[in-house]
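The numbering used here runs 16 ahead of the 1-based position in the sequence shown. Yeah, the Cβ is synthetic: ideal placement off N, Cα and C, and Gly gets one too. What follows is one structure encoded as structure tokens, with my remarks underneath.
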Amino acid sequence: MNPYIAVPLALVMLLIAASGVAAVTHAWTLPWNRRHVRSPRVHGWGQLVLAFALGWQLVCGMLISDSGTRATGTLIGSGLLLAGLIVMMVGQLAGRDRTSDGTP
């Protein structure tokens with residue numbers, strides 16, 4: 017993996033992880049997500065899975081040189097990305113209604 021791709025991917029991973037930690041610990045979501053997210057803690061866990069999957073993709077792309085292991089790791093990372101997106105969608109569909117001002 018090219019370092020020009022790895023550095024922005026690492027930054028995006030850290031931002032998603034920070035947002036996920038804020039959602040899990042304080043039920044806080046980004047302002048543009050507040051209207052859509054009905055269960056912020058579940059949504060935060062999905063963000064943490066997504067951030068872990070991006071980190072997994074980064075490790076498999078940068079550090080593993082064996083092509084068979086790299087392909088398997090990338091496939092596992094893709095499955096984790098899909099799982100994180102599904103958990104984030106569950107956080108938007110399930111749970112209680114939030115008030116209109118964005119507070120829990």
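Pairwise C-alpha distance: residue j and residue i
i: Val58; j: Val106; result: 7 Å
i: Gly71; j: Met29; result: 7 Å
i: Val101; j: Leu66; result: The sequence given here places Leu at residue 101; Val does not occur at that position. Taking the straight line from one Cα to the other gives about 7 Å.
i: Thr85; j: Trp61; result: 27 Å
i: Trp44; j: Gln108; result: 14 Å
i: Met78; j: Arg50; result: 35 Å
i: Ser83; j: Thr90; result: 10 Å
Where residue i sits in the DSSP three-state scheme
i: His121; result: Because the chain here runs from 17 to 120, residue 121 falls outside it and cannot be looked at.
i: Pro24; result: helix
i: Ile92; result: helix
i: Thr45; result: coil
i: Ala110; result: coil
i: Leu101; result: helix
i: Leu79; result: coil
The ligand HEM heavy atom lying under 7 Å from the CB of residue i
i: Tyr20; result: This structure does not include the ligand HEM; it has no bound ligands of any sort.
Distance CB(residue i)-CB(residue j) smaller than 8 Å
i: Ala34; j: Pro56; result: no
i: Gln63; j: Met104; result: yes
i: Phe68; j: Leu96; result: yes
Residue i, buried or exposed, once every other Cβ within 10 Å from all chains shown has been counted against 16
i: Gly93; result: buried
i: Ile32; result: buried
i: Val75; result: exposed
i: Val23; result: exposed
i: Thr88; result: exposed
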